[in-house]
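Residue 68 in this note's numbering sits at position 72 of the sequence shown, with consecutive numbering throughout.
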Amino acid sequence: MVIETWSPQETFALGQRMGREARPGQVICLNGDLGVGKTVFTQGFADGLGIGEPVNSPTFTILQQYEEGRLPLYHFDVYRIGDVSEMDEIGYEDCFYGDGVSLIEWPTKIREILPAQVTWVEIEKDLEKGFDYRRIRVEERA
Ligand code: ADP
Ligand code: MG
C-alpha cells in the first residue's frame, strides 16, 4: 500500500487510522530520514489508540511506554543506540512479544533483533513535489 501525504495532518491521520486498527503483538517499523515524519505518524497512531498524553521523541530515552490506550504502546526511538545489548537492558522482548503494540523509529539500527513478522512503514520525501510531500509505503513483512 502506498499513501501520499501533502501535510503533517495527513500523515497524522494515517497514523491515527493504523492506531485504530492495531492488533496485540503488532510491531511497526518506521523507517526514513531525520525530519521525514516518523514522530508525526507516531503521534497520530497514539491518538488512534486512545492515548491522550503527548507523545514525543525524547532525546535520551530509547523507550517510552503508554498504558492508557486500547492497547499498551511501546514507542522506541533507537536513533542514539550504541549497541543492541542496550535493547536487552530495556527488556525489549516483553514489548515485541507481548500484547501491546511496538512502534520503532530507526529500525535498521536494531535489524538483528527485529521479529520475523513486522509491519514496515517507509516514509520518503520528494522535494520535486513540494516541501511537505511524503510518500509512505506500508507493507506486511513475514
Ligand atoms: P522524524 O521523527 O522522522 O525525525 P518528525 O515527525 O519529528 O520527523 O518531524 C517531521 C517534520 O516534518 C515536522 O516538522 C512536520 O511538521 C513536517 N512535515 C511536513 N510535511 C509533512 C508530512 N506530509 N508528513 C509528516 N510531517 C511533515
Ligand atoms: Mg522522531
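Where is the CB? At the ideal position from N, CA and C, for every residue including glycine.
Using only the alpha-carbon positions, how far apart do residue i and residue j sit?
i, j, result
"D84", "V36", "27 Å"
"L123", "T7", "17 Å"
"R76", "Q60", "14 Å"
"G46", "A9", "13 Å"
"T38", "N52", "8 Å"
"I58", "K125", "33 Å"
"E63", "R19", "15 Å"
"E120", "Q5", "16 Å"
Determine the burial state of residue i: buried for a count of at least 16 other Cβ atoms within 10 Å of its Cβ, exposed for fewer.
i, result
"V117", "buried"
"E136", "exposed"
"L30", "exposed"
"T55", "exposed"
"F41", "buried"
"G78", "exposed"
State the beta-bridge partners of residue i as determined by DSSP.
i, result
"E101", "L26, D73"
Inset, instruction - Closer than 6 Å is what we want: which residues have a beta carbon that near any heavy atom of the ligand MG? List them in chain order. - result: Every residue with a CB closer than 6 Å to a heavy atom of the ligand MG is listed here in chain order: K34, T35, S53, D73, E101.
Inset, instruction - Tell me, please, whether the stretch 105 to 123 touches the stretch 22 to 35 by the rule of three or more beta-carbon pairs shorter than 8 Å. - result: Judged by Cβ distances under 8 Å, the stretch 105 to 123 makes contact with the stretch 22 to 35, as three or more pairs qualify.
Inset, instruction - Specify whether the stretch 84 to 100 and the stretch -2 to 6 touch according to this definition: at least 3 beta carbon pairs, one from each stretch, less than 8 Å apart. - result: Between the stretch 84 to 100 and the stretch -2 to 6 there are fewer than three inter-stretch CB-CB distances shorter than 8 Å, so the stretches are not counted as touching.
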